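**Q** Dumping the structure here so I can ask a few things about it.
There are 2 protein chains.
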Amino acid sequence: MNQSANPVLVEVWRGAMLDCVHRGTAVVATASGEVVEAWGDPARVILPRSSCKMIQALPLVESGAADAAGLTSEHLALACASHQGAVPHTALASRWLAGIGLSEPDLRCGVHQPNDPEARHELRGRRAAPDQFHNNCSGKHCGFLTANRHLGGGPEYVDPDHPLQQAVRLATEEVTGETVSGFAIDGCSAPNFAVSLGGLATAMARFATAGTSFTGVSFTGARAGAARRLVEAMAAHPVLVAGEGRACTNLIRACAGRAVVKTGAAGVFIAIVAERGLGIALKIDDGNARGSEAAIAALLARHGALERHDPVYTALADSPILNCRGFAHGHLRAAETLLD
Amino acid sequence: MNQSANPVLVEVWRGAMLDCVHRGTAVVATASGEVVEAWGDPARVILPRSSCKMIQALPLVESGAADAAGLTSEHLALACASHQGAVPHTALASRWLAGIGLSEPDLRCGVHQPNDPEARHELRGRRAAPDQFHNNCSGKHCGFLTANRHLGGGPEYVDPDHPLQQAVRLATEEVTGETVSGFAIDGCSAPNFAVSLGGLATAMARFATAGTSFTGVSFTGARAGAARRLVEAMAAHPVLVAGEGRACTNLIRACAGRAVVKTGAAGVFIAIVAERGLGIALKIDDGNARGSEAAIAALLARHGALERHDPVYTALADSPILNCRGFAHGHLRAAETLLD
Numbered sequence: 001m002n003q004s005a006n007p008v009l010v011e012v013w014r015g016a017m018l019d020c021v022h023r024g025t026a027v028v029a030t031a032s033g034e035v036v037e038a039w040g041d042p043a044r045v046i047l048p049r050s051s052c053k054m055i056q057a058l059p060l061v062e063s064g065a066a067d068a069a070g071l072t073s074e075h076l077a078l079a080c081a082s083h084q085g086a087v088p089h090t091a092l093a094s095r096w097l098a099g100i101g102l103s104e105p106d107l108r109c110g111v112h113q114p115n116d117p118e119a120r121h122e123l124r125g126r127r128a129a130p131d132q133f134h135n136n137c138s139g140k141h142c143g144f145l146t147a148n149r150h151l152g153g154g155p156e157y158v159d160p161d162h163p164l165q166q167a168v169r170l171a172t173e174e175v176t177g178e179t180v181s182g183f184a185i186d187g188c189s190a191p192n193f194a195v196s197l198g199g200l201a202t203a204m205a206r207f208a209t210a211g212t213s214f215t216g217v218s219f220t221g222a223r224a225g226a227a228r229r230l231v232e233a234m235a236a237h238p239v240l241v242a243g244e245g246r247a248c249t250n251l252i253r254a255c256a257g258r259a260v261v262k263t264g265a266a267g268v269f270i271a272i273v274a275e276r277g278l279g280i281a282l283k284i285d286d287g288n289a290r291g292s293e294a295a296i297a298a299l300l301a302r303h304g305a306l307e308r309h310d311p312v313y314t315a316l317a318d319s320p321i322l323n324c325r326g327f328a329h330g331h332l333r334a335a336e337t338l339l340d
Numbered sequence: 341m342n343q344s345a346n347p348v349l350v351e352v353w354r355g356a357m358l359d360c361v362h363r364g365t366a367v368v369a370t371a372s373g374e375v376v377e378a379w380g381d382p383a384r385v386i387l388p389r390s391s392c393k394m395i396q397a398l399p400l401v402e403s404g405a406a407d408a409a410g411l412t413s414e415h416l417a418l419a420c421a422s423h424q425g426a427v428p429h430t431a432l433a434s435r436w437l438a439g440i441g442l443s444e445p446d447l448r449c450g451v452h453q454p455n456d457p458e459a460r461h462e463l464r465g466r467r468a469a470p471d472q473f474h475n476n477c478s479g480k481h482c483g484f485l486t487a488n489r490h491l492g493g494g495p496e497y498v499d500p501d502h503p504l505q506q507a508v509r510l511a512t513e514e515v516t517g518e519t520v521s522g523f524a525i526d527g528c529s530a531p532n533f534a535v536s537l538g539g540l541a542t543a544m545a546r547f548a549t550a551g552t553s554f555t556g557v558s559f560t561g562a563r564a565g566a567a568r569r570l571v572e573a574m575a576a577h578p579v580l581v582a583g584e585g586r587a588c589t590n591l592i593r594a595c596a597g598r599a600v601v602k603t604g605a606a607g608v609f610i611a612i613v614a615e616r617g618l619g620i621a622l623k624i625d626d627g628n629a630r631g632s633e634a635a636i637a638a639l640l641a642r643h644g645a646l647e648r649h650d651p652v653y654t655a656l657a658d659s660p661i662l663n664c665r666g667f668a669h670g671h672l673r674a675a676e677t678l679l680d
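Structure, rendered in structure tokens:
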């Protein structure tokens, strides 16, 4: 990313003053790779972070590992999740690993405090430390371990040279239509392969059209079935994808089958707009989730997947900011350029 | 603020990729209003938010109200604070109000959860709600109430037309050398008067030079004494200005008398560089404290108030970002343009 300025996508007003702005790049593409519209340069290469978890889960499903382990749509939703470590997430992840004969120390995601306030308070109350199941990526790692067990790889499954990560890399290249130019190590220790925003949006359009009448440019065979199952799992279990109160969960519910979405750290968001066969990918330059959440809500509304009067839309993209006495002293809103 | 792009002041790298940037405006000025150096436009008007609490405290001291109420330097530090609602802050604020015959309901700052994790946990453990003393601005409001009681104003002391706020407005105009063009209501319900970054930096240079040999362009008389007492109070009680672990507290300690600093919400930071008679004011466009803390640390180092090998500097402005297994997968650093 160079330092030329991307457009302002989100504004924060305080009284009559424009107090903060969030700049970024956003791309809407079709499954054939056509850029329908873009703000900033679609060729901009980013780290997709957790927004690409459905790509990272493709080897799990395509290889037959998911079926061999008897995984349900709940497991697949959790594999695509950045969850908040609430009981529904940690309990499912724990049962999942036990079901394939593995346990917490087999994970390589590391430990962080759960983002769920209840879970954090509960741990603190009994002076207990979190474990790797609380990591927001533990579902992805359960998926990695399931695929890896099926494929017979060694235990260090997050090594970038490990056959599992090489399979993820290959899948990334195939679904984006790009050669991966590099990677970084993610917060959960897995390699995160760099992609262009145009390539990421195209990949998401292919997820949107997998197994539908939008054929020819989308996935075929095992990939089409796998992509469809993953998208359907995310749509069916919004709370497993993130958690109560979180943007992904609220947006998937509000889109009601028209689209599913996934956030990534440092200002990334994608949408799989099944109804229109489109993919959306965006990155806020400063990495602030306040910006990426507002921008994705605006683009979902722009493409018919969310109503602007929906409370989920207004909370994220057209929202008063209240002060400590309930006075609306500010307003967060998507920039005019994202509204139609 | 228009939407022309300000320079990148802070970079966040992940592996070999520039992952996030924080743009902003920064100004270094003398007490005569000379701009020593600037990134972006010194005429940019911002809401200074809590960075101007020492200006808002001038009427308290200049009027004689502080002395009449027997306030110590601890009280004055708390009046300039955005504290985290830990016991040292709430206990002092509570004693302060009782000492002038007032109590919690007289405050108009409103309630928010304390930012101190221990205080939050303690409240939650006994299922108690926070009160207005936990508000990060409660010290400022104790100062407002003390000044107001001395001046004989009515109880709604945060009304923008209230004589106390008019006194704050006049002080703001005098110390910045500007006519206030507007205001917004702050999170704590007090009016927050808009100033240019150049004006704010100039005001801070005047605080830096109050009562020193840098005379002629700085404050005189009661204002000089008041400004000096406020700066000395902040320097003497860093933990009261913010709290353990917070950037302001750590920076004031590390600067060891060479400078004091104060943050403001939405990406604002100021520094009063006593040793060199300079003032610094900056605003990060996206409002992220990660950006404003890195930028102020870099400017303090640039102007001799902080060493680049100091752990406080490296933590804020040249810091590895560790993942959940302790691997340094990223790096936060002030942009080259801020380093000399």
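Just so you know, the protein sequences line up as chains A and B, in that order.
With my numbering, the residue at position 231 of the first sequence is 231, and numbering never jumps.
Adding 340 to a residue's 1-based position in the second sequence gives its number in my numbering.
Every residue gets a Cβ at the ideal spot worked out from N, C-alpha and C, and that includes glycine.
If you're wondering where the values come from, they're calculated on a predicted model, not measured in any experiment.
1) C188(A) versus chain B: which residues are under 9 Å apart at the beta carbon?
2) From this set, Q424(B), H481(B), D456(B), which residue's C-alpha is nearest I440(B)'s C-alpha?
3) Could you check which residue in A356(B), S403(B), C595(B) has the C-alpha nearest to that of G565(B)?
4) Could you name the residues of chain B that N135(A) contacts, counting a contact when the two beta carbons are closer than 9 Å?
5) Please classify V87(A) as buried or exposed, where buried requires at least 16 other C-beta atoms within 10 Å of its C-beta.
6) According to DSSP, simplified to helix, strand and coil, what is N2(A)?
7) Just the Cα atoms here: how many angstroms apart are F406(B) and D501(B)?
8) Comparing the C-beta of A366(B) with each C-beta of chain A, is any distance below 9 Å?
9) In whole angstroms, give me the CA-to-CA distance for D159(A) and A38(A).
10) Short check: CB of A629(B) to CB of A674(B), under 9 Å?
11) Please list the partners that G15(A) has in chain B, where partner means a Cβ-to-Cβ separation under 9 Å.
12) Quick one: any contact between the segment 385–392 of chain B and the segment 606–619 of chain B, if contact means 3 or more CB pairs under 8 Å?
13) Let's see if you can read the secondary structure: which residues bound the beta strand (DSSP E) around G604(B)?
14) Considering only their Cβ atoms, is the gap separating V21(A) from V12(A) smaller than 9 Å?
15) Taking a contact to mean a Cβ-Cβ separation below 9 Å, would you say I450(B) touches G527(B) in this structure?
16) Establish whether the CB of F563(B) and some CB of chain A are separated by less than 9 Å.
17) Would you kindly work out how many angstroms separate the C-alpha atoms of R108(A) and S189(A), rounded to a whole number?
18) Give, in chain order, every residue of the segment 99–133 of chain A whose Cβ lies closer than 7 Å to some Cβ of chain B.
19) Relative to the C-alpha of S372(B), which residue among E584(B), L678(B), G538(B), A657(B) is closest?
20) Pull up the DSSP beta-bridge partners for F269(A), would you.
21) Between R120(A) and the rest of its own chain, which residues show a CB-CB distance below 6 Å, the 5 nearest in sequence each way excluded?
22) Straight-line CA distance for H490(B) to A408(B)?
23) Between C137(A) and F559(B), what straight-line distance do the alpha-carbon atoms span, to the nearest angstrom?
24) Would you say G291(A) lies against chain C (beta-carbon separation less than 9 Å)?
25) I need the straight-line Cα distance from L398(B) to N346(B), nearest angstrom please.
26) Which runs of the alpha helix (DSSP H), 4 residues or longer, sit entirely within the segment 283–337 of chain A?
27) Quick check: what's the CA-CA separation for N342(B) versus E275(A)?
28) Anyone know if the C-beta pair for I612(B) and A545(B) falls short of 9 Å?
29) Scan the segment 258–270 of chain A for residues whose Cβ lies nearer than 8 Å to a Cβ of chain B and list them as they occur along the chain.
30) Expressed to the nearest angstrom, what Euclidean distance is found between the alpha-carbon atoms of V217(A) and E122(A)?
31) Where does F484(B) sit, in a helix, a strand or coil, going by DSSP?
32) Alpha carbon to alpha carbon, how far is A236(A) from L251(A)? Give it in angstroms, no decimals.
33) With distances taken from CA atoms, which of D626(B), G627(B), L622(B) is nearest L640(B)?
34) By DSSP, does E275(A) sit in helix, in strand, or in coil?
35) Please name the residue, chosen from A256(A), A305(A), E336(A), L76(A), that lies closest to T146(A) on a Cα-to-Cα basis.
36) Could you check where the beta strand (DSSP E) with C20(A) kicks off and where it finishes?
**A** Taking the definition as stated:
1) Correct list: N663, C664, R665.
2) Nearest option by C-alpha distance: H481(B).
3) G565(B) has its Cα closest to that of S403(B), out of A356(B), S403(B), C595(B).
4) Against chain B, a Cβ distance below 9 Å from N135(A) picks out C664.
5) Label assigned to V87(A): exposed.
6) Interpretation of N2(A) is limited by its pLDDT of 39, a score under 50 that renders its predicted location unreliable; the figure taken from the coordinates is listed afterwards. N2(A): coil per DSSP, three-state reduction.
7) Correcting the residue type first, residue 406(B) is Ala in the shown sequence and not Phe. If you draw a straight line from the Cα of A406(B) to the Cα of D501(B), it comes to about 22 Å.
8) Not one beta carbon of chain A lies nearer than 9 Å to the beta carbon of A366(B).
9) Rounded to whole angstroms, D159(A) and A38(A) show a C-alpha spacing of 35 Å.
10) A674(B) sits away from A629(B), with the two beta carbons spaced by 9 Å or more.
11) Within chain B, L387, G522, F523, A524, I525, N532, A534 have C-beta atoms less than 9 Å from the C-beta of G15(A), given in sequence order.
12) Yes: the two stretches touch, three or more of their Cβ pairs being nearer than 8 Å.
13) Taken as a continuous stretch (DSSP letters only), the beta strand (DSSP E) holding G604(B) covers 600–604.
14) Taking 9 Å as the Cβ cut-off, V12(A) and V21(A) qualify as a contacting pair.
15) According to the sequence as given, residue 450(B) is Gly; it is not Ile. Their beta carbons are under 9 Å apart, which means G450(B) touches G527(B) by this criterion.
16) Inspection of the sequence shows that residue 563(B) is occupied by Arg rather than by Phe. Chain A has no Cβ within less than 9 Å of the Cβ of R563(B).
17) If I take the Cα positions, the gap works out to 7 Å.
18) Only C109, G110, V111, H112, H121, R124 from the segment 99–133 of chain A bring a Cβ to less than 7 Å from some Cβ of chain B.
19) The residue with the shortest Cα to Cα distance from S372(B) is G538(B).
20) For F269(A), the beta-bridge partners assigned by DSSP are T263(A), L282(A).
21) Excluding five sequence positions before and after R120(A), the CB atoms of its chain that fall closer than 6 Å to its own CB belong to Q113, P114, given in chain order.
22) Between H490(B) and A408(B), the C-alpha separation is close to 8 Å.
23) Looking at the two C-alpha atoms, the distance is approximately 56 Å.
24) Among the chains of the structure shown, chain C does not appear; the protein chains present are A and B.
25) So the alpha carbons of these two residues sit roughly 32 Å apart.
26) 289–302, 311–317, all fully within the segment 283–337 of chain A.
27) Residue placement at N342(B) cannot be trusted, given a pLDDT of 39 that sits under 50; the coordinates are not used to answer.
28) In terms of Cβ geometry, I612(B) and A545(B) form a close pair [threshold 9 Å].
29) If the cut-off is 8 Å between Cβ atoms, the segment 258–270 of chain A has A266, G267 near chain B.
30) Their backbone Cα atoms lie some 49 Å apart in a straight line.
31) In the structure shown, F484(B) sits in a helix (DSSP, three-state: H, G or I).
32) L251(A) and A236(A): Cα-Cα distance of roughly 13 Å.
33) Considering only alpha carbons, the answer is L622(B).
34) Note: E275(A) maps to coil in three-state DSSP.
35) From the listed residues A256(A), A305(A), E336(A), L76(A), the smallest Cα separation to T146(A) is found for L76(A).
36) Looking at the DSSP string, the run of the beta strand (DSSP E) that includes C20(A) is 17–30.
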